[in-house]
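Notes follow once the structure below has been shown.
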Amino acid sequence: MLLNNNDCVGKIVYSKAGRDEGKVFVVIDVLDDKYVYICNGSLRPVEKPKRKKIKHLEFTNIIAEEIRDLLMSGEKIDNAIIRKILQSYDNDKEVRLPYVKR
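Here my numbering is used: the first residue of the sequence shown is 6, the next is one more, and so on.
This is the structure:
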């Protein structure tokens, strides 16, 4: 999957593998075509994002516009804002896309 930084930044994702499996995150940067940086504002703050393989993430069709706008403008993001936004998405489980094993 070839990712464009503009398309992916701010997307809400769920972890499919690892200790953080099932947890909700937001993509804050695209490293290359295999890795992205994700954070959730608590266990993974913005200051220390998790580098995660794209194949270990389940992408939703939701983009956190507030986070995306802050990232694209180069402003500093507050972990509290990320936690608040992700909490609302995590409580609303229908944003998840069905996982299709390939």
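Positions of the beta carbon are idealized from the N, C-alpha and C atoms, including for glycine.
- For Cys-44 and Lys-53, the gap between their C-alpha atoms comes out near 8 Å.
- Partner residues in the beta bridge of Ser-20, as assigned by DSSP, are Leu-62.
- By the Cβ test, the stretch 20 to 31 is in contact with the stretch 60 to 78, since at least three Cβ pairs between them sit closer than 8 Å.
- If you draw a straight line from the Cα of Arg-49 to the Cα of Lys-58, it is about 15 Å long.
- The residue among Ile-17, Phe-30 and Asp-12 with its C-alpha nearest the C-alpha of Asp-38 is Asp-12.
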